[in-house]
Amino acid sequence: MRHLLSTKDLTKSDAILILDTAAQMAATQEREVRKLPTLRGKTVVNLFFEDSTRTRISFEAAAKRLSADVINFSAKGSSVSKGESLKDTALTLQAMGADAVVVRHWASGAAYQLAHGGWLHGSVLNAGDGTHQHPTQSLLDAFTIRKHLVTSPLGADLNGLTVAIVGDVLHSRVARSNVHLLHTLGAKVVLVAPATLVPVGIDPWPCDVVHTLDEAIESYDIDALMMLRVQRERMTGGGSAFFPSPAEYTRIYGLDGDRLRRLPDHAIVMHPGPMNRGLEISAEAADSPRSVIVEQVANGVAVRMAALYLLLAGEEAAQ
Amino acid sequence: MTGTIMGAADVSRALTRIAHEIVERNDGAADVVLMGIPSRGLPLAHRLAQRIAEIEPGFDAEAATGALDITMYRDDLFKNPTRTIGTTTVPAVGIDDAVVVLVDDVFHTGRTIRAALDAIRDLGRPRAVQLATLVDRGHRELPIRADFVGKNIPTARSERVDVRVEEIDGEDAVVLRKGE
Amino acid sequence: MSRPIVIKNASLYGDTTASLLIEDGVITAVGDVETPDDAVVVEADGLVALPGLVDLHTHLREPGREDAETIETGSRAAARGGWTAVHAMANTNPVADTAGVVEQVYSRGQEIGLCDVFPVGAVTVGLKGEHLSEMGAMASSKARVRLFSDDGVCVYDPVIMRRALEYVKTFDGAVVQHAQDLRLTEGAQMHEGEVSAELGLAGWPAVAEESIVARDALLAEHVGSRVHVQHLSTAGSVEIVRWAKDRAIQVTAEATPHHLLLTDESARTYDPLFKVNPPLRTQADVDALRQAVADGTIDIIATDHAPHASEDKDCEWASASFGMLGLETALGVIQKVLVDTGACTWRDVARLMSEAPARIGQVDDRHGRPLAEGEPANITLVDPNAAWTVEADQLASRARNTPYGGIELPGRAVATFLRGVPTHVDPTLEGAFA
Chain B
1 MRHLLSTKDL TKSDAILILD TAAQMAATQE REVRKLPTLR GKTVVNLFFE
51 DSTRTRISFE AAAKRLSADV INFSAKGSSV SKGESLKDTA LTLQAMGADA
101 VVVRHWASGA AYQLAHGGWL HGSVLNAGDG THQHPTQSLL DAFTIRKHLV
151 TSPLGADLNG LTVAIVGDVL HSRVARSNVH LLHTLGAKVV LVAPATLVPV
201 GIDPWPCDVV HTLDEAIESY DIDALMMLRV QRERMTGGGS AFFPSPAEYT
251 RIYGLDGDRL RRLPDHAIVM HPGPMNRGLE ISAEAADSPR SVIVEQVANG
301 VAVRMAALYL LLAGEEAAQ
Chain V
320 MTGTIMGAAD VSRALTRIAH EIVERNDGAA DVVLMGIPSR GLPLAHRLAQ
370 RIAEIEPGFD AEAATGALDI TMYRDDLFKN PTRTIGTTTV PAVGIDDAVV
420 VLVDDVFHTG RTIRAALDAI RDLGRPRAVQ LATLVDRGHR ELPIRADFVG
470 KNIPTARSER VDVRVEEIDG EDAVVLRKGE
Chain X
500 MSRPIVIKNA SLYGDTTASL LIEDGVITAV GDVETPDDAV VVEADGLVAL
550 PGLVDLHTHL REPGREDAET IETGSRAAAR GGWTAVHAMA NTNPVADTAG
600 VVEQVYSRGQ EIGLCDVFPV GAVTVGLKGE HLSEMGAMAS SKARVRLFSD
650 DGVCVYDPVI MRRALEYVKT FDGAVVQHAQ DLRLTEGAQM HEGEVSAELG
700 LAGWPAVAEE SIVARDALLA EHVGSRVHVQ HLSTAGSVEI VRWAKDRAIQ
750 VTAEATPHHL LLTDESARTY DPLFKVNPPL RTQADVDALR QAVADGTIDI
800 IATDHAPHAS EDKDCEWASA SFGMLGLETA LGVIQKVLVD TGACTWRDVA
850 RLMSEAPARI GQVDDRHGRP LAEGEPANIT LVDPNAAWTV EADQLASRAR
900 NTPYGGIELP GRAVATFLRG VPTHVDPTLE GAFA
């Protein structure tokens, strides 16, 4: 693996290898000494053009537990006024000798450009680009689903499972990553959103689309329910709003205790965070024993350790 | 000299002898745990544990055996294709203050054992670490020696020693091959 | 006086072989011409002679963005591409919304002398869509402006559009519309469809173009004026223009070479060289546009040559400017997609890239004339067998933002004559002029 840019690039065996590696990484994190010498001497740069403390510290912890040197590089620039150009930043990182660049960017495609611009020799790991992809998030979601719902997880896919993804699919890199990855792993994916928040041109996506959460709960045997974060400004933007009001959103798409109880007993509840409690998810649902939201965070470190290991160990990466 | 160096009976005898040596050296097996290095060190560790249990009835073979994957401790990670990480299982009885006997199939440069010593250090603090190996083929690159050896086989650097075990390969044998 | 030029045995319009004698900027004989002793002789066997090409849609960036293109570098690019006249869009800085700016642009073009530069005036002051610019002053200026456009932005307010359409009737002008519903395209990055859904780039829906094309056709009918629709990009727009023409509405339309060749699939590279407005559409749209060019629904080919400085393209897709170069590659692309496919003949190309645009631009007294005795010697010689690979670094344009880098085009202009003066001579023909 040279780069990790999009889950669409992953074959089933790639995906399972990452999940299995993550499982071994997770096991090391239960020991007294959690640090491994594996990536000693390697330099990982966290290049963040967009604030995301959660994702950054997750990658930072992952790299440090593998003994890589970590450089945090915040090059925040708004989407309106251009920040430092991607090219100049890449050249700087190349000069610093970055073996891997973890990039978070507000622009869709920025990770792809960084990987293919010819400016950089290191591996590029997409930590979220615009509304395009966020592959490690979906890998940690798949890891969490597999751990909870598959009897012997190691080496297994997600065949036979149904995952519903609820909310703002249009603007969600998490949804885009998950649709491809979960499908590749054999799961059935159901998107649940108002038509205003479903992209035009979704027909080729390997998933079903329904327009209310109740319909999804009635029509499918949901094993995992993934609630997406909804940005309030998308509902209160006047004439450009995608939805009439937060209250109506909560009524039709919010996960509350009542809907939670109508899910199959074994079903788990997920959220990539940060949550808007009371909007897309009620406190009761978020804090219920079926919620694996906190565990997702821990699994995130293991999955990112696996991704860094697979990108950086091996002779190709040494060149 | 190439071809089959040890047959199934030779392997079996060597393991039985090593089991006795481990018990003898440690005045019994009360504090002994075995950690096999995947892939072929692991079934060998299980067999040694069973033999020790036959000698020392109080020895719980299942609880005293574990697996030690050393991939993430290797010093040649960046010189070879990416390796798949295997499973590490700490013996149920734990390793703190125990005598850990590392079990591997072929003892060669010593680098695997060096990595294994580092890996053990991250898992706990044994009282002592010993090394058991089915074959010692020489060519050490580090100051490490084995405590228990099934058979010393003088080899040329270019030759290959393949250990085959029933659990993985369907037969027990040690085969010496000419290098490519 | 300059030496006479004989273009020997060219294929006029790709169908009749004849020689042309050019003296003092005028074609003085056609057919079996006698070669004067001091004449420059261009051996034109296998070359197609067309009336000099006329681009109705060019951005020269001067005044204001001379780092991207100047009237001089743009004129040189035009001459190399076979163009003898270009219409320079108004979105410069300052905007071409006064007689002063359009006269300056026109004069600078004449001074350089590589092609005629006809300024297009802004419809509204500062392209802001609020107040009509002084179109009358621009029309009666030395630049003799007849086309008005806010290109880059749409004349969005229906009342302003109606007034503009009515007002240009005074001097028999036309409003040239960049059809884009602004509200439906806020933040838009590429064609809204399957590719944008996957790439997570904000969509520019086809309906945002089609709704404005339909509205403007109806307005033109209502007030009895002329509207020219720029860079038609969707199958739906083609249907609307076809319908409007059936109703005898005075609407004309253009297609660009890039919309006839490239699709939204190019965006998968996230290379901003493929970012253009209107965006590259689907293969079905490309097919509909080619059909519409072939059946005459689309009147002309225009380049929408849009130079940009490298920093405006060497960046994230969403930060990049819209637009791509076109002057030097248009003829090759058109040969590839229309002539070599059998959809059009070279005679059609003469209509699409010279005669019709000259008529719409009302410069048909000087350009887009027949290759006949007594006509001005504005001539483009095309070698349809001179395949070449586009290299951005080799272009005459100051900018480098061609989407065709590394692509082979089947033919090219090998000589361009503006009133008898060679403004471009391919190295293969340089011997004749030595």
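Chain order of the listed sequences is B, V and X. Using this note's numbering, the letters of the first sequence map in sequence onto residues 1 to 319. Using this note's numbering, the letters of the second sequence map in sequence onto residues 320 to 499. Using this note's numbering, the letters of the third sequence map in sequence onto residues 500 to 933. No residue lacks a Cβ here, since even glycine has one placed at the ideal position from N, Cα and C.
Below 8 Å, enough C-beta pairs join the stretch 161 to 178 of chain B and the stretch 136 to 145 of chain B to call them touching: three or more. With a beta-carbon spacing of about 6 Å, Gly109 (chain B) and His132 (chain B) fall inside the 8 Å limit used to define contacts. Residue-level contact by beta carbon fails for Tyr655 (chain X) and chain B, as no gap is shorter than 8 Å. Legend: CB atoms of the stretch 26 to 50 of chain B lying less than 9 Å from CB atoms of chain V belong to residues Ala27, Thr28, Arg31, Glu32, Val33, Arg34, Lys35, Leu36, Pro37, Thr38, Leu39, Gly41 and Lys42.
By the neighbour-count criterion, in which a residue is buried when 16 or more other Cβ atoms sit within 10 angstroms of its Cβ, Lys42 (chain B) is buried.
When the Cα atoms are used, Leu39 (chain B) and Leu387 (chain V) turn out to be separated by approximately 19 Å. Remark: C-beta atoms of Ser172 (chain B) and Leu311 (chain B) do not approach each other more closely than 8 Å. Of all residues in the stretch 184 to 209 of chain B, only Pro199, Val200, Gly201, Ile202, Asp203, Pro204 and Trp205 come within less than 8 Å of chain X when Cβ atoms are compared, listed by chain position.
The beta carbons of Ala23 (chain B) and Pro153 (chain B) sit closer together than 8 Å. With distances taken between CA atoms, Ala349 (chain V) lies nearest to V:Ile371 out of V:Ile371, V:Leu367 and V:Ala475.
Look at the beta carbons and you see the stretch 822 to 838 of chain X touching the stretch 565 to 581 of chain X: at least three pairs across the two are nearer than 8 Å. A contact is defined here as three or more CB-CB pairs under 8 Å, and the stretch 95 to 103 of chain B fails this definition with respect to the stretch 142 to 158 of chain B. In this structure, the alpha-carbon of Leu5 (chain B) lies about 46 Å from that of Ala465 (chain V). Excluding residues up to 5 positions away in sequence, Ala598, Val601, Gly620 and Val644 lie with their Cβ nearer than 6 Å to the Cβ of Met637 (chain X) in the same chain. Glu691 (chain X) and Gly530 (chain X) have their C-alpha atoms roughly 53 Å apart. Residue pairing from DSSP places Pro618 (chain X) in a beta bridge opposite X:Ala587. For Glu315 (chain B), at least one C-beta of chain V is nearer than 8 Å to its own C-beta. Distances from the alpha-carbon of Leu19 (chain B) to those of B:Leu170, B:Gly314, B:Arg304 and B:Ala75 put B:Arg304 closest. Burial state of Ser477 (chain V) is exposed, judged by a 10 Å Cβ sphere holding fewer than 16 other Cβ atoms. Shown here, Phe647 (chain X) sits in a strand according to DSSP, grouped into three states.
Restricting attention to X:Asp514, X:Ile611, X:Ser632 and X:Thr901, the CA atom closest to the CA of Lys774 (chain X) is found in X:Thr901. If you check each beta-carbon in the stretch 486 to 498 of chain V against every beta-carbon of chain B, none falls closer than 8 Å. A contact between stretches requires three or more CB pairs, one per stretch, nearer than 8 Å, and the stretch 889 to 909 of chain X fails this requirement with the stretch 848 to 855 of chain X.
Residue contact with chain V for Thr21 (chain B): present (Cβ-Cβ distance below 8 Å to some residue of chain V).
Here Gln688 (chain X) is buried, its C-beta having at least 16 other C-beta atoms within 10 Å. Within the model, the alpha-carbon separation for Glu373 (chain V) versus Gly498 (chain V) is close to 40 Å.
The C-alpha of Ile506 (chain X) lies about 28 Å from the C-alpha of His586 (chain X).
For Ala115 (chain B), same chain residues with a beta-carbon under 7 Å away, outside a window of 5 residues either side, are His3, Leu5 and Val124 in chain order. A distance below 8 Å separates the beta carbons of Leu170 (chain B) and Leu197 (chain B).
Per DSSP, the continuous alpha helix (DSSP H) segment holding Phe143 (chain B) begins and ends at Pro135 to Leu149. Within chain B, no residue has its CB atom less than 7 Å from the CB of Thr335 (chain V), the nearest being about 33 Å off. Taking all protein chains shown into account, His804 (chain X) has 16 or more neighbouring C-beta atoms within 10 Å of its C-beta and is therefore buried. Listed along the chain, the chain V residues whose CB falls inside 8 Å of the CB of Leu17 (chain B) are Thr403.
Nearest to Ala492 (chain V) by C-alpha distance, out of V:Gly326, V:Thr321 and V:Pro362, is V:Gly326. Within the stretch 108 to 120 of chain B, those residues whose Cβ lies closer than 8 Å to any Cβ of chain X are, in chain order, Ser108, Gly109, Ala110, Tyr112, Gln113 and His116. The three-state secondary structure of Val652 (chain X), taken from DSSP, is coil.
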